[in-house]
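First up is the structure itself, then whatever we jot down about it.
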Amino acid sequence: MRKKRKVQSLEEIPKFRSEEEEARFWAEHELDEPLLEAMAPPPEGLLPPSRPRTRAISLRLDEDLLRRLKAVARRKGKGYQTLLKEFVLERLYEEEKREGVI
């Protein structure tokens with residue numbers, strides 16, 4: 002794994018044209034420790050609510066399916082596990098809707 006380049010000032014962060022461009026930038030960069038320490042915490046109420054805790058599970062996928070999933074996730078600029086969770090959530094919603102649960 003290559004070492005990420007340190008961003009030492011906020012001026013070094015470009016204006017991004019897309020989420021994919023931003024994801025590529027942050028895959029190669031990280032904020033330098035002094036810059037992080039200089040930042041004040043956001044005012045109370047501005048932080049989004051914390052995500053619910055997740056539980057690790059084991060899921061076996063054949064190599065071709067995993068390759069395709071990773072390719073789609075890469076094109077969307079996100080991790081394949083995140084994309085897989087989104088797929089499951091969307092399908093679950095559709096099933097529950099069809100069954101009249103929601």
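For the sequence shown, our numbering begins at 2 and goes up steadily by one. Note that CB positions come from ideal geometry on N, CA and C, so glycine has one too. It should be emphasised that the depicted structure is a prediction, and the values quoted were computed from it without experimental measurement.
- In the DSSP annotation of this structure, Arg56 is not part of any beta strand (DSSP E), being labelled neither H nor E.
- If the five residues before and after Lys77 are omitted, its C-beta is found closer than 6 Å to no C-beta atom of its own chain.
- Glu45 is not bridged by DSSP to any residue.
- Its chain contains Gly78, Lys79 as the residues whose beta carbon lies nearer than 8 Å to that of Ala24, once the 5 sequence neighbours on both sides are disregarded; these appear in chain order.
- In the assembly as shown, Leu62 is an exposed residue. Its beta-carbon has fewer than 16 other beta-carbons within 10 Å.
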